[in-house]
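Trainee:
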Amino acid sequence: MAKNNASVWTSIRFWRRSAAWVTGVAVVLLIFLTFDTMSQIRMGTDKELEQGIKRRIPAPTVINHHIDYKYDEKRGMEVPVIGKKEPFFGKEWSPKEARALLHLGKLTVQAKNCMDCHTLLGNGAYYAPDLTKAWLDPMWEKTMPAMTGKKTKEEAMAEFLMHPGQYRTHARAMPNLKITPKEAMGVVAFLKHMSSIDTNGFPRGFSKVIKEGKTGGTYAK
Amino acid sequence: MGFHMFEPCTDVACNNIFAWLNQGPLTLTIVLHTILILPMFWIYFSEKKKLGK
Amino acid sequence: MLSKTAHLSPSKQLAMNYFRVAIVLFGAQLLFGLLAGLQFLFPDFLYNVLDFSVNRMLHINALVVWMLYAMLGSVYLMLPDETGIDHPVAIGLGKLAFWVLTAAVTVVVLVYLFIQIGPGKESTIWFINEGREYLEAPRWADFGIVVVVLIFYANVFFTYMKGKKTGIMTVMVADLLALAGLYLAGMFYTDNISVDQYWWWWVIHLWVEATWEVFVGTLAAYGLIKVLNAKREIVEMWLWIEVLMLFGSGILGLGHHYFWIGTPEYWWEIGALFSALEPVPLVAMFVHVLYDWGKEQGHVQAEGKRTAIKNGPAIAWISINAFGNFLGAGIWGFFHTLPQVNIYTHGTQFTASHGHLAFFGAYATILIGMMYLGIQESYGIERMKATFKSKMAIVLITFGVVGMTVALTIAGYEQVLVERAELGAGWQAYFTAQNLPWYIQAQVWREIMGVVTFVGFVYLLWDLLTIGKKEAAAE
């Protein structure tokens, strides 16, 4: 009966069974969570957008709308607010056109490897500003349209993307990535769409900057 | 004082099991941890029984 | 490292081939890292020629690929010892796969260097660059990697089925299946950036915070038996405990990447608590290595011998692994894993500091240790002592990486507090923080420490090339 004293804590079988159990259940839970999350982060439809049904990732036609980022008392964070319709590159884009433009934009963002300097939704490299809410950045309201000689925010963004070396704002400048006019429109659509994604309040405090109409706050030169 | 430990769901979508379990301070994660760890007690005692034989 | 492998079993010869390519890619990783680091200080350096994005892509891709090479090498190194079979079932195919993979990697690197980017079309994703951090390899290469990995896995699996089935090898075979399968989650295109990043993290996180960690656990177990004669029962029991805790915390710890990418709020607490537990198994691994070392040393001293260590450089690197894994992956990861902190630190130099120490501490160290084990066998050395060069490599590389980590942590603090907390993010806020004197000083120190690391690497390379001959002669 000497074996009676052997402890379960030093039994390989016990740890092996426990490891198999915990790993298996964690995987199953992750699969369930993935199904639920996938249903919540699929791209919304145009109908949902028109009816004002909130989606975490709205339809591509969100580019026809004004987008804002405001503090939500109930959630304790800033959330994107989709407003009235506004022209985008001077027109309203049909669902099909908007989808095609967003497709081109996302492909361009990958083809030009934006993510190895910038961050998208906070992921990427840290050599250039985060682009999650770039569409809402106050720099595009007056400074950059004036610098590029364009009337609207979207045109200024497109112009900047095509000739970044000409419009340097800091010593660190974006390289020339041979972006065509069409691709530039696509990237701007991608950025506008990304700014409408509900990111649970990231980046925090960005709306403060929008309200004051300046970035860089008190120390900006 | 406008302070509640247990808040109703404020997320974009609340009609799913995980949002429902997420009722305030760590409720969801505690449930998941319990599912993972509780059966280890059963594994422990079943191993103990086997070692005794 | 270059010669003297003819008498080795075919599996181990192949392992040495993988190690040789790995060490070259390690050098490339450091070189492109130095270039990218310089661009933080001199933004016009190589502007429009070899831009930061290209250097950074090569820096992190060389990192991932050299580690995968060294991992494949380590598996081929342990396969004969663990299964008792010197001749894996399809070693010919395995050798072919090695050359195919190496040719593919060369082509991908040349395209990265000389073509860099393409037009916004599917063809760019297929042939030039996928533009997703860490997974930039174009789609054709993805499929090539899948085929090569299938051949590798078949070799390991069927050899395992034919031979002895040790606990170490059982964990390895299961872990490799998950590791290889996960790569598929990164092989598709979608317009939806949130869905894109959701699956992208399946590859990245479930590799480095789950399957790679378990892989390291098996390597440490194997290494301790080889280097210290550690008792297999004890080592394997620890291994199962590590699997339990690593997968128990690491799989759902994935949630800490789903705080801000458009995914639901419930990920906050799943990600927070599970990932907060991720350091626990790393403490266990640390204790385990030192415990075994001390125990075996006690045994041999009782027998009147001087040391239990059969491979000095290997045990040194395995010990640094134990500590570095806990510090880099565990502590530096825990710093910013809670959503309350992460909402400010997400996407800052904080992440970069964690990345540097974690990849080094958790992976680079033990894989270098495995290379030393391979050399010891190649030259049939009974007891391999650390040379002056081994010691210089250990000291300089470790000091350099820790120095870079500290510098980047300070840069991260600056960025988080000024750009995020004070100014509320945005274009100007970003550059205001980047131009702060303290931030720039930190970047200078990072570059200096990068050079220190590189000098350490030169010593390492030199040592790997010469230690076998020298120690064999000494015996």
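Chains as they are written, first to last, in the working numbering: chain A, 404 to 624; chain U, 196 to 248; chain P, 457 to 931.
Note that the Cβ used here is the ideal one computed from N, Cα and C, for glycine as well.
Quick check on the burial criterion: 16 or more other C-beta atoms within 10 angstroms. Buried or exposed for P:R588?
Mentor: Counting Cβ neighbours within 10 Å, P:R588 comes out buried, since at least 16 surround it.
Trainee: Any residues in the stretch 716 to 736 of chain P with a beta carbon nearer than 8 Å to a beta carbon of chain U? Which ones, in chain order?
Mentor: Result list: P720, E721, Y722, E725, I726, A728, L729 and F730.
Trainee: So what's P:N504 in DSSP terms, helix, strand or just coil?
Mentor: Coil, per DSSP.
Trainee: From this set, A:P498, A:K450 and A:V484, which residue's C-alpha is nearest A:T464's C-alpha?
Mentor: Of the candidates A:P498, A:K450 and A:V484, the one whose C-alpha sits nearest the C-alpha of A:T464 is A:P498.
Trainee: Please compile the residues from chain A whose C-beta is within a distance smaller than 7 Å of the C-beta of P:H802.
Mentor: Neighbours of P:H802 on chain A, chain order: G525 and F605.
Trainee: I'd like to confirm the pairing. Which residues does DSSP put opposite A:M480 in its beta bridges?
Mentor: In the DSSP output, where bridge partners are listed per residue, A:M480 has A:D475.
Trainee: Which residues, taken in chain order from the stretch 212 to 230 of chain U, show a beta carbon closer than 8 Å to some beta carbon of chain B?
Mentor: Going by chain labels, chain B is absent from the structure shown, which instead holds the protein chains A, U and P.
Trainee: Taking three-plus beta-carbon pairs below 8 Å as touching, is the stretch 415 to 433 of chain A in contact with the stretch 692 to 706 of chain P?
Mentor: A contact exists between the stretch 415 to 433 of chain A and the stretch 692 to 706 of chain P.
Trainee: Secondary structure at A:G620, three-state DSSP: helix, strand or coil?
Mentor: Note on A:G620: pLDDT 43, under 50, position unreliable in the model; the coordinate value appears next. It is helical.
Trainee: In angstroms with no decimal places, state the Cα-to-Cα distance between U:P203 and P:T804.
Mentor: Looking at the two C-alpha atoms, the distance is approximately 33 Å.
Trainee: Please name the residue in P:G727, P:A808, P:A677 and P:W716 whose C-alpha comes closest to that of P:L746.
Mentor: The shortest C-alpha separation from P:L746 is found at P:A677.
Trainee: Using a Cβ-Cβ cut-off of 7 Å (strictly less than) and excluding sequence neighbours within five positions of P:G493, which residues of its own chain qualify?
Mentor: Around P:G493: R902, E903 and G906.
Trainee: Please check if any C-beta of chain A sits within less than 8 Å of the C-beta of U:L233.
Mentor: Output row for U:L233: interface = no.
Trainee: Name the chain U residues that come within less than 7 Å of A:K545, Cβ to Cβ?
Mentor: Simply none; closest approach about 33 Å.
Trainee: When the cut-off is 8 Å and only beta carbons count, does A:W496 lie next to chain P?
Mentor: No, A:W496 does not count as interfacial toward chain P.
Trainee: Can you give the beta carbon distance from A:W496 to A:I466, rounded, assuming they're within the 8 Å contact cut?
Mentor: At roughly 6 Å, the Cβ-Cβ gap stays under 8 Å, so A:W496 and A:I466 are in contact.
Trainee: In whole angstroms, give me the CA-to-CA distance for P:D500 and A:A576.
Mentor: Their backbone Cα atoms lie some 8 Å apart in a straight line.
Trainee: Alpha carbon to alpha carbon, how far is U:G247 from P:N790? Give it in angstroms, no decimals.
Mentor: The sequence shown places Phe at residue 790 of chain P, not Asn. Cα-Cα distance, rounded: 41 Å.
Trainee: Whole alpha helix (DSSP H) runs in the stretch 405 to 429 of chain A with 4 or more residues, listed along the chain?
Mentor: You should have found no qualifying run.
Trainee: Within the stretch 441 to 467 of chain A, note down every full alpha helix (DSSP H) run reaching 4 residues or more, in order along the chain.
Mentor: Qualifying alpha helix (DSSP H) stretches, in chain order: 449 to 453.
Trainee: Considering only the alpha carbon of each residue, which of P:V602, P:G830 and P:T674 lies closest to P:M840?
Mentor: For P:M840, the nearest C-alpha among the options comes from P:G830.
Trainee: State the start and end residues of the unbroken alpha helix (DSSP H) segment that holds A:A592.
Mentor: P584 to S598 is the span of the alpha helix (DSSP H), which, as asked, contains A:A592.
Trainee: Work out the CA separation of P:Y639 and P:T667 for me, nearest whole Å.
Mentor: Their Cα atoms are separated by approximately 12 Å.
Trainee: Locate the alpha helix (DSSP H) running through A:V370, then write down its first and last residues.
Mentor: With chain A represented from 404 up to 624, any question about residue 370 of chain A goes unanswered, as that position is not in the structure.
Trainee: Could you tell me the distance, in whole angstroms, from the CA atom of A:Y622 to the CA atom of A:T572?
Mentor: A caution first: A:Y622 carries a pLDDT of 38, below 50, which makes its placement in the model too unreliable to give a value.
Trainee: Is P:M617 buried or exposed, if buried means 16 or more other CB atoms sit within 10 Å of its CB?
Mentor: Counting Cβ neighbours within 10 Å, P:M617 comes out exposed, since fewer than 16 surround it.
Trainee: Please name the residue in P:G880, P:L892, P:F887 and P:L921 whose C-alpha comes closest to that of A:I613.
Mentor: Among P:G880, P:L892, P:F887 and P:L921, the Cα nearest to that of A:I613 belongs to P:G880.
Trainee: Looking at the strands, I want to know which residues DSSP matches up with P:G548.
Mentor: Bridge partners of P:G548: none, in fact.
Trainee: For P:N767, which three-state DSSP category applies?
Mentor: DSSP places P:N767 in strand when its eight states are reduced to three.
Trainee: If you check the beta carbons only, do P:G817 and P:L783 fall under 8 Å apart?
Mentor: Yes, they are a contact pair.
Trainee: DSSP on P:F855, reduced to helix/strand/coil?
Mentor: DSSP places P:F855 in helix when its eight states are reduced to three.
Trainee: Between which two residues does the alpha helix (DSSP H) harbouring P:F482 extend?
Mentor: Where P:F482 is concerned, the enclosing alpha helix (DSSP H) stretches over P466 to L497.
Trainee: For A:G527, write down the residues that DSSP places opposite it in a beta bridge.
Mentor: According to DSSP, which records beta bridges pairwise, A:G527 is partnered with A:T522.
Trainee: Taking only beta carbons into account, state which residues of the stretch 431 to 449 of chain A come closer than 7 Å to chain U, listed in chain order.
Mentor: Answer in chain order: L432, L436, D439 and Q443.
Trainee: Here's a check: name, in chain order, each residue in its chain whose Cβ is nearer than 7 Å to the Cβ of A:W543, leaving out the five neighbours to either side.
Mentor: Contacts found: K556, A559 and M560.
Trainee: Have a look at the DSSP bridge pairing and note the partners of A:I470.
Mentor: DSSP output for A:I470 lists A:I485 as bridge partner(s).
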